[in-house]
Amino acid sequence: MRYGQETVKMAVLPAHSLERMTESYLPLLRHLSSETGYDVQYVSSNSYGGFGATVEGSDVHLVLCDPLSLLTLVKAARAEVLAVGTGAGGSARAPGLIVVRGGSGLSEIQQLRGKRVGLASQRSAEGFLSQAHTLLVQGIDVRRDLRLIPCGNMDEVVRRLMDGRIDAGFIGLAAWDDGASRELEILARTEPVPNWACAALPGTAPEIKTKIQNALLTMDPQREEHQRILGRLRLEGFAKPAPQSMDSLAVMAEKAGIPY
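Numbering (my numbering), first residue to last: 8 to 267.
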């Protein structure tokens, strides 16, 4: 931090291992610091379940999180969404994945009944809600018909699957990397959910919100330095949130019995 530089705190949902979170998100925060003149600091949380307490207890200005956590913050804390991540073709939604070991013999969704299925948390949109919704449409109640194994984060889901400690895993696209793809197979791509988003909490100065939003919206995947940052996040850029973009997620959460 330079002398006199204003600090802005951003809490990031711990969807992955600490190593991956550091590699993926610190470059983004450095970019935001450079573009805005603020010292944008990373605020970490130990778990999905502890994320809300971290946000409440750390004088946080901004959050970067999945849409299910965002839905809770918008409802409970009246958070203001500044920008949402976009993928291929500018889409602000992405599917979840159900993955299995190569050669496991699991080739269709119905074979998951009774199997050990790892997940980061039932609070994850791309790592639980997406899959739960798709399976429910196929007649599978994930809590009744599967043996759900909480793993804490998506990288741990991948590790346990590779080690044979679980039979299948629920993960998001960001957890599907070269290491995973060499040993695992995608059994199904599940219902698309909104991408991660950046939101400002009540009390955040308008100038901070404007500068952070502009810094995100002007990231250009055609610029090499921006592409390096976006590539780590598995994004093509950021866009302004569409009105009512969270409505379908709220319906999915209610059907899956997930409070928000």
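Beta carbons are placed, not taken as given, at the ideal position from N, Cα and C, and that holds for glycine.
Practice item. Please determine, among K16, V88, M226, H233, the residue with the shortest C-alpha to C-alpha distance to P250. Key: V88
**Study point:** Range of the contiguous beta strand (DSSP E) that encloses R154
**Key:** 154 to 157
Point to revise | Beta-carbon gap between I147 and I116 smaller than 9 Å | key: yes
Exercise for review: For the alpha helix (DSSP H) holding D227, just list the boundary residues, first then last.
Suggested key: Where D227 is concerned, there is no enclosing alpha helix (DSSP H), given that its DSSP letter is neither H nor E.
Practice item. Would you list the one or two residues that DSSP bridges to M17? Key: Y49, L69
Review point. Can you tell me where the alpha helix (DSSP H) with A84 in it begins and where it stops?
Key: 74 to 84
Review point. Does the region 75 to 86 come close enough to the region 166 to 176 that 3 or more CB-CB pairs lie under 8 Å?
Key: no
Check your understanding: How far does the beta strand (DSSP E) with T61 in it reach, from first residue to last?
Key -> From DSSP, T61 is part of no beta strand (DSSP E) but of the alpha helix (DSSP H) over 58 to 64.
Check your understanding: Rounded to whole angstroms, how far is the Cβ of L104 from the Cβ of L180, which I believe are closer than 8 Å?
Key -> 7 Å
Review point. Going along the chain, which residues of its own chain have a beta-carbon closer than 6 Å to the beta-carbon of K247, five neighbours each way excluded?
Key: none
Exercise for review: Go ahead and pull the three-state DSSP assignment for V258.
Suggested key: helix
**Study point:** Extent of the continuous beta strand (DSSP E) to which T93 belongs
**Key:** 87 to 93
Point to revise | Classification of N221 by the beta-carbon crowding that lies within 10 angstroms, buried from 16 upward | key: exposed
**Study point:** Close beta carbons around I156, own chain, < 6 Å, minus the five adjacent residues each side
**Key:** R123, G125, I173
Exercise for review: Check whether the Cβ atoms of P266 and V200 sit closer than 9 Å, and answer yes or no.
Suggested key: no
Review point. In whole angstroms, what is the alpha-carbon distance linking G134 and C205?
Key: 19 Å
Review point. If you draw a straight line from the alpha carbon of L191 to that of F58, how long is it in whole angstroms?
Key: 29 Å
Check your understanding: Among all the DSSP beta bridges, which residues are the ones paired with V106?
Key -> G176, I193
Check your understanding: Taking C-alpha atoms, which residue in Q12, T14, M28 lies nearest to A182?
Key -> M28
Point to revise | Contacting residues, own chain, Cβ-Cβ under 6 Å from S188 (five flanking each side not counted) | key: none
Practice item. Kindly list the residues whose CB is nearer than 7 Å to the CB of C158, restricted to its own chain and excluding five residues on each side of it in sequence; keep chain order. Key: G125, L126, A127, V164, R167
Review point. Mind checking whether A207 and A99 have CB atoms under 9 Å apart?
Key: no
Point to revise | Range of the contiguous alpha helix (DSSP H) that encloses L35 | key: 25 to 43
Review point. Where A195 and R130 are concerned, what is the direct C-alpha to C-alpha distance, given to the nearest angstrom?
Key: 20 Å
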